[in-house]
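Asks: Here you go, one structure.
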Amino acid sequence: MTRPITKTVNVPVADGDGERYTLKMGPQHPATHGVLRVDLELDGETIIKCSPQVGYLHRGFDKIAENRTYAQSLILTDRLDYIAAMANNVGYCVAVEKLLDISVPLRAKYIRTIVCEMSRIASHLLWLATHALDIGAMTVFLYCFREREVMLDLFEELCGARLTFSYPRIGGVRQDVTRNFVDVLQRFVAEFPMHIEEYETLIDTNRIWLKRTIGIGVLSASEALELGLTGACLRGSGVDYDIRKHRPYDAYDLVDFEVPISDDGDIYARYRCRMEELHQSARIIQQCIDQLPPGPIISEDAPDLVMPLQGQRKVEAGSTTYGTGLIKLLEEKGEFPVGDIYVSTEVPKGELGFYFISDGSGRPYRMHMRSPSFIHISALPALAEGSMIADLIANIGTLDVVLGECDR
Amino acid sequence: MESMEIAEKLQDHFSEEVLDICDFHGQVGVVVKRDRIVDILRWLRDSPEIKMDHFMDLCGVDNKKRQGKNLLRLEVVYNLYSIPLRHSIRIRAQVPENDACIDTATTLWCGANWHERECYDLVGISFNGHPDMRRVLLPDDWSGYPLRKEYPLKGREEWSGLEELKHKVVELQEFGLSDGTLTTKAEQSQTKGNEKS
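Line by line, the protein sequences give chains A and B.
Every number in the numbering used here is 3 more than the matching position in the first sequence, counting from 1.
Every number in the numbering used here is 146 more than the matching position in the second sequence, counting from 1.
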C-alpha cells in the first residue's frame with residue numbers, strides 16, 4: 004500500500020489561558036452514529052478529558068435470553084448490529100451449534116459464508132459512507148449507498164427482510180438460494196472491484212480527507228491490543244488477528260483469502276484495511292459461488308423453527324403436542340449438555356463472542372455477548388484525549404461502532 | 147500448546163489457588179480462588195510459552211441455581227487468547243456473596259475497564275483498584291443487579307424518574323407546549339377497563 008504524502012501543519016494546542024469547560028456531545032449528535040453521548044472537558048478546542056456515556060439503547064438481552072430457548076434468542080441478535088444483522092445471526096448460530104454439538108451441512112456452511120461476506124460489504128459501505136460524510140466528503144456517501152442497496156435487495160430476495168433477517172438458523176439456513184440470487188450476486192462481485200476503485204478515486208485525491216486521516220488517532224500494536232480492539236481497528240495497527248483465519252468457522256477454511264494488515268495505526272491505515280477487506284469479501288463470495296455444493300441446507304437434528312422437512316421430522320415445528328418442539332427434539336436426541344463455552348466470530352466490526360453456560364435445561368443458564376462496539380467505544384478516550392475536537396468525529400468514525408451492539 | 151497443558155502448568159504454579167479444571171468440547175476452564183487473580187493473569191500474559199496477550203472477554207455469573215463443587219455464589223469468567231501462539235484458556239474466579247469484590251485486571255489490560263464496569267453494573271461484583279467503578283449501561287440511580295437470579299425479568303413499578311417528568315409537563319403547560327397531562331401505561335389500562343365496565 005502506498006501512502007500519499009501530506010504536509011503536517013502545527014495547530015495551536017490550547018489557547019493557554021487554562022480556562023476549561025465541559026461540553027456534552029450527543030446523544031442526538033449526527034456524527035455519533037446512534038445514541039452515544041461523549042462528555043468532553045475542553046481547553047479551547049483541545050480535548051483534555053473525554054468520557055463516553057452509553058446505555059441509551061440497553062434492552063437487557065443477556066437477561067431476556069436466559070428466559071428463552073436457544074432458538075427463540077436468535078431474533079435478539081438481529082437487533083445487535085442492525086447494519087450487519089446477518090453476521091450476528093451466524094455468530095449466534097455457530098456458538099449454539101458448538102454448544103449442542105450439531106453438525107451443519109456443507110451447502111449451508113457455504114451459504115452462510117456468502118451472506119456473512121455480503122453483510123461485511125454492506126456494513127463497510129455504510130461505514131465508508133458515513134465516515135466520509137462526517138469528515139467532509141459528501142459524494143462518496145451516495146456511491147456507497149448505490150451498492151449497499153444491491154446487497155439489501157439481494158437479502159430481501161433471499162429471506163424477505165432488508166434489515167432484521169434471522170435467516171441463518173441453528174443447524175443451517177432457512178431457505179435455499181435461488182438461481183436469480185446467485186446470478187445477480189455473481190454479476191455484482193464481478194463489477195464490485197471497479198466500484199471500490201470509484202470510491203478510492205473520490206477519496207484518495209481529496210486533500211481534506213487525507214489531511215484529516217493521515218497521522219490522526221494513532222495507536223501502536225501493543226496499545227491496540229491492550230485496549231482490546233479487534234477487527235480492522237486492530238489490524239490497522241499491525242496485529243494479524245482475524246478469527247476467520249485463527250479459529251475458522253463455516254466455510255472459511257475452504258476458501259482462499261488474505262487478511263489485510265497495515266502497520267501505521269492511524270485513521271488512514273484502518274480505512275485502507277477496510278477497503279482491502281471489501282476486495283477480499285468479493286473474492287470469498289466468488290469462490291463460494293463456484294464451489295457451492297448440492298445437498299441439504301439444514302441439519303437433521305436442528306432444534307429450530309425451520310419449515311418441517313415433511314416425513315423426516317419426529318416433531319413438526321410449532322407442534323403443540325410437546326409444548327415447544329425444541330425441547331422435545333433434544334430430549335429424544337439425548338440430554339442437553341452441561342458446561343460452558345465461548346465462541347467468537349469475525350463480524351464486520353470486530354470480534355463478536357458468545358459465552359454460554361448450559362445447565363442441562365433447554366435455556367441458557369447465562370448468556371454473555373462480547374460486543375466489539377462496546378470495547379471500541381471504551382477505547383475512545385485513548386484516541387481522542389489531547390487531540391482537537393474536530394478529530395473526535397474522525398475518531399468515532401474510524402472505530403466503526405454501532406450503538407445497538409454496544410448497549411445490547 | 148493444548149489448553150489442558152496450560153491448565154496443568156497453571157496448577158503446578160499456583161497449586162494453592164487452583165480448585166478445579168473442567169473440560170467441555172475442547173475448551174478448558176480453570177476454577178480458581180479470587181485472592182491472587184492478578185498474579186495468575188499476569189503469569190498467563192507474561193510467560194513466554196503461554197503469552198495470553200488478547201483479553202477476549204470478561205463476564206460475571208451468578209451461581210445461585212447452578213450445581214457444582216467448589217462454586218461460590220458469584221463468579222468472574224476471564225476468556226484469554228494468545229494471538230501469536232493461537233491457544234486459549236478460561237479462568238473462573240470464585241467470589242463470595244457477602245464480600246462481592248475482586249482485584250481489577252485493568253492494571254494488565256486497560257481494555258478490561260468497561261468489561262469490569264459492565265460486570266459491576268449487571269452482576270454487582272466490584273473491582274478493587276478499578277479507575278472508574280460506576281455503572282455503565284444502566285442509569286446511575288438504578289437499584290439492584292439485573293443478572294442476579296433473584297432479579298425479576300419484568301418489574302411492576304413505574305420508572306423512578308416519572309414524578310420528575312410529570313413536573314416538567316406541568317412546567318411546559320405555562321408555555322402552551324403541553325396540556326399538562328401525562329398518563330402512565332398502568333393508568334391507561336385502568337381507564338380502559340373503566341370504560342368497558
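The beta carbon of each residue, even a glycine, is placed where N, CA and C say it ideally should be.
Quick check on DSSP: helix, strand or coil for Gly-389 of chain A?
Replies: Translated into positions along the first sequence, residue 389 of chain A becomes position 386. Here Gly-389 of chain A sits in coil by DSSP.
Asks: Roughly how many whole angstroms lie between the Cα atoms of Leu-218 of chain B and Arg-238 of chain A?
Replies: For the purposes of this step, residue 218 of chain B is taken as residue 72 along the second sequence, with counting starting at 1. For the purposes of this step, residue 238 of chain A is taken as residue 235 along the first sequence, with counting starting at 1. Their Cα atoms are separated by approximately 39 angstroms.
Asks: Check the Cβ-Cβ distances between His-36 of chain A and every residue of chain B, and say whether any is below 8 angstroms.
Replies: Looking up residue 36 of chain A in the first sequence gives position 33. No - not a single Cβ of chain B is within 8 angstroms of the one on His-36 of chain A.
Asks: Counting along the chain, where does the beta strand (DSSP E) carrying Phe-359 of chain A start and finish?
Replies: To locate residue 359 of chain A, count along the first sequence from 1; it is residue 356. Per DSSP, Phe-359 of chain A belongs to the beta strand (DSSP E) from 353-362.
Asks: Do we get a CB-CB distance below 8 angstroms when we pair Trp-305 of chain B with the residues of chain A?
Replies: For this step, residue 305 of chain B is matched to residue 159 along the second sequence. No, Trp-305 of chain B does not count as interfacial toward chain A.
Asks: Taking Cβ-Cβ distances below 7 angstroms as the criterion, which residues of the stretch 55-75 of chain A are in contact with chain B?
Replies: So the close ones are Val-57, Gly-58, His-61, Gly-63, Asp-65, Lys-66, Asn-70.
Asks: Taking buried to mean at least 16 other C-beta atoms within 10 Å of its own C-beta, is Phe-195 of chain A buried or exposed?
Replies: The residue given as residue 195 of chain A occupies position 192 in the first sequence. By the 10 Å Cβ count, Phe-195 of chain A comes out buried.
Asks: In the DSSP assignment, the beta strand (DSSP E) including Tyr-202 of chain A goes from what residue to what residue?
Replies: Your numbering for residue 202 of chain A matches position 199 in the first sequence. Tyr-202 of chain A -> not in any beta strand (DSSP E); alpha helix (DSSP H) instead, spanning 182-207.
Asks: Any chance the stretch 83-91 of chain A sits against the stretch 164-178 of chain B, with 3 or more Cβ pairs inside 8 angstroms?
Replies: The stretch 83-91 of chain A vs the stretch 164-178 of chain B: no contact.
Asks: Run through chain B and tell me which residues come within less than 9 angstroms of Glu-229 of chain A, C-beta to C-beta.
Replies: Translated into positions along the first sequence, residue 229 of chain A becomes position 226. Those are Asp-199, Phe-201, Leu-254, Trp-255, Cys-256, Gly-257, listed as they occur along chain B.
Asks: State the start and end residues of the unbroken alpha helix (DSSP H) segment that holds Met-150 of chain B.
Replies: As a working note, residue 150 of chain B is residue 4 in the second sequence. Where Met-150 of chain B is concerned, the enclosing alpha helix (DSSP H) stretches over 149-159.
Asks: Kindly indicate which three-state DSSP category Lys-214 of chain A falls into: helix, strand or coil?
Replies: Reading the first sequence from its first residue, position 211 is the one you call residue 214 of chain A. Helix, per DSSP.
Asks: Counting only Cβ pairs nearer than 9 angstroms, list the residues of chain A close to Asn-225 of chain B.
Replies: Here residue 225 of chain B corresponds to residue number 79 of the second sequence, with the count starting at 1. Near Asn-225 of chain B (Cβ distances below 9 angstroms), the residues of chain A are Tyr-345, Ser-347, Gly-356, Tyr-358, Arg-373.
Asks: Whose C-alpha, out of A:Asp-253, A:Gly-218, A:Phe-148, A:Leu-281, is nearest the C-alpha of Ala-193 of chain A?
Replies: The residue given as residue 193 of chain A occupies position 190 in the first sequence. Checking every option, the nearest Cα to that of Ala-193 of chain A belongs to A:Leu-281.
Asks: Taking only beta-carbon atoms, is Gly-175 of chain B less than 8 angstroms away from chain A?
Replies: Along the second sequence, one-based indexing puts residue 175 of chain B at 29. So, interface residue.
Asks: Can you tell me whether Glu-48 of chain A is helix, strand or coil according to DSSP?
Replies: Here residue 48 of chain A is taken as the residue at index 45 of the first sequence, counted from 1. Correct three-state label for Glu-48 of chain A: coil.
Asks: Just list the beta strand (DSSP E) runs in the stretch 241-278 of chain B, keeping only unbroken ones of 3 residues or longer that don't cross its boundaries, in chain order.
Replies: Segments of the beta strand (DSSP E) lying fully in the stretch 241-278 of chain B: 247-249, 272-274.
Asks: Just verifying my parser: in three-state terms, what is the DSSP assignment at Cys-115 of chain A?
Replies: Walking along the first sequence from the start, residue 115 of chain A turns up at place 112. The identity of residue 115 of chain A in the sequence shown is Arg, whereas the question assumes Cys. Note: Arg-115 of chain A maps to helix in three-state DSSP.
Asks: Give a yes or no on whether the minimum CB-CB distance between Asp-410 of chain A and chain B is below 8 angstroms.
Replies: Reading the first sequence from its first residue, position 407 is the one you call residue 410 of chain A. Judged by the 8 angstroms Cβ criterion, Asp-410 of chain A is in contact with chain B.
Asks: Which stretch, first to last residue, makes up the alpha helix (DSSP H) that contains Asp-208 of chain B?
Replies: Reading the second sequence from its first residue, position 62 is the one you call residue 208 of chain B. Counting along the chain, Asp-208 of chain B falls outside any alpha helix (DSSP H), though it belongs to the beta strand (DSSP E) covering 200-208.
Asks: Give the residues of chain A in contact with Val-207 of chain B, contact being defined as C-beta atoms less than 7 angstroms apart.
Replies: In the second sequence, residue 207 of chain B corresponds to position 61, counting from 1. Simply Ile-360, Arg-369.
Asks: Can you give me, in chain order, the residues of the stretch 231-262 of chain A that have a beta carbon less than 7 angstroms from any beta carbon in chain B?
Replies: From the stretch 231-262 of chain A, only Gly-231, Val-242, Tyr-244, His-249 have a Cβ closer than 7 angstroms to chain B.
Asks: In its own chain, which residues sit with a C-beta less than 8 angstroms from the C-beta of Cys-53 of chain A, not counting the 5 before and 5 after it?
Replies: For the purposes of this step, residue 53 of chain A is identified with residue 50 of the first sequence, where counting begins at 1. Taken in chain order, the residues that qualify are Val-41, Asp-42, Leu-43, Glu-44, Leu-383, Pro-384, Ala-387, Glu-388, Leu-395.
Asks: Is the distance from the Cβ of Tyr-224 of chain B to the Cβ of Ile-237 of chain B below 8 angstroms?
Replies: As a working note, residue 224 of chain B is residue 78 in the second sequence. As a working note, residue 237 of chain B is residue 91 in the second sequence. Cβ atoms of Tyr-224 of chain B and Ile-237 of chain B: closer than 8 angstroms.
Asks: If you count every other CB in all the chains shown that lies within 10 Å of the CB of Gly-307 of chain B, and 16 or more means buried, which is it?
Replies: Translated into positions along the second sequence, residue 307 of chain B becomes position 161. Classification of Gly-307 of chain B: exposed, given that the 10 Å Cβ count is below 16.
Asks: Kindly list the residues whose CB is nearer than 6 angstroms to the CB of Leu-312 of chain A, restricted to its own chain and excluding five residues on each side of it in sequence; keep chain order.
Replies: Within the first sequence, the letter at position 309 stands for residue 312 of chain A. Any answer about Leu-312 of chain A is weak, because its pLDDT of 43 lies below 50 and its placement is not dependable; what the coordinates show is given next. Nothing listed; no residue qualifies.
Asks: Would you verify that the beta carbon of Lys-170 of chain B is, or is not, closer than 8 angstroms to some beta carbon of chain A?
Replies: Taking the second sequence and counting its residues from 1, the one referred to as residue 170 of chain B is at position 24. Before going further, note that residue 170 of chain B is Phe rather than Lys in the sequence given. Yes - at least one Cβ of chain A is within 8 angstroms of the one on Phe-170 of chain B.
Asks: Determine the direct distance from the alpha carbon of Gly-342 of chain A to that of Val-174 of chain B, and round the result to whole angstroms.
Replies: Here residue 174 of chain B corresponds to residue number 28 of the second sequence, with the count starting at 1. Here residue 342 of chain A corresponds to residue number 339 of the first sequence, with the count starting at 1. Spanning the two alpha carbons is a distance of roughly 10 angstroms.
Asks: DSSP state of Gln-313 of chain A, grouped into three classes?
Replies: Reading the first sequence from its first residue, position 310 is the one you call residue 313 of chain A. Caution applies to Gln-313 of chain A, whose pLDDT of 41 falls short of 50 and renders its modelled position unreliable; the value that the coordinates give is listed next. Three-state DSSP puts Gln-313 of chain A in coil, outside helix and strand.
Asks: Using a Cβ cut-off of 8 angstroms, pull out every chain B residue sitting near Ser-381 of chain A, in sequence order please.
Replies: Position 378 of the first sequence, counted from the first residue, corresponds to residue 381 of chain A. What Ser-381 of chain A touches in chain B: Gly-257, Asn-259, Trp-260.
Asks: In its own chain, which residues sit with a C-beta less than 6 angstroms from the C-beta of Glu-159 of chain A, not counting the 5 before and 5 after it?
Replies: Taking the first residue of the first sequence as 1, we reach residue 159 of chain A at position 156. The answer, listed in chain order, is Arg-165.
Asks: Counting only the same chain and skipping the five closest in sequence on each side, list residues whose C-beta sits under 7 angstroms from that of Val-107 of chain A.
Replies: Residue 107 of chain A sits at position 104 when you count from the first residue of the first sequence. Excluding sequence neighbours, Val-107 of chain A sits near Glu-100, Gly-174, Gly-175, Ser-302.
Asks: Should Gly-342 of chain A be flagged as near chain B, meaning a C-beta pair shorter than 8 angstroms?
Replies: For the purposes of this step, residue 342 of chain A is taken as the residue at position 339 of the first sequence. Gly-342 of chain A counts as touching chain B.
Asks: Cβ of Ile-378 of chain A less than 8 angstroms from any chain B Cβ?
Replies: Along the first sequence, read from residue 1 onward, the residue named residue 378 of chain A stands at position 375. Closer than 8 angstroms to some Cβ of chain B, the Cβ of Ile-378 of chain A qualifies, so yes.
Asks: For Gly-94 of chain A, tell me which candidate among A:His-371, A:Thr-25, A:Gly-356 has the shortest Cα-Cα distance.
Replies: In the first sequence, counting from the first residue as 1, residue 94 of chain A sits at position 91. Looking at the Cα atoms, A:Gly-356 is the closest of the given residues.
Asks: What does Gly-175 of chain A pair with, by DSSP beta-bridge criteria?
Replies: Counting from 1 along the first sequence, the entry for residue 175 of chain A is found at position 172. BP columns for Gly-175 of chain A point to A:Arg-172, A:Ile-301.
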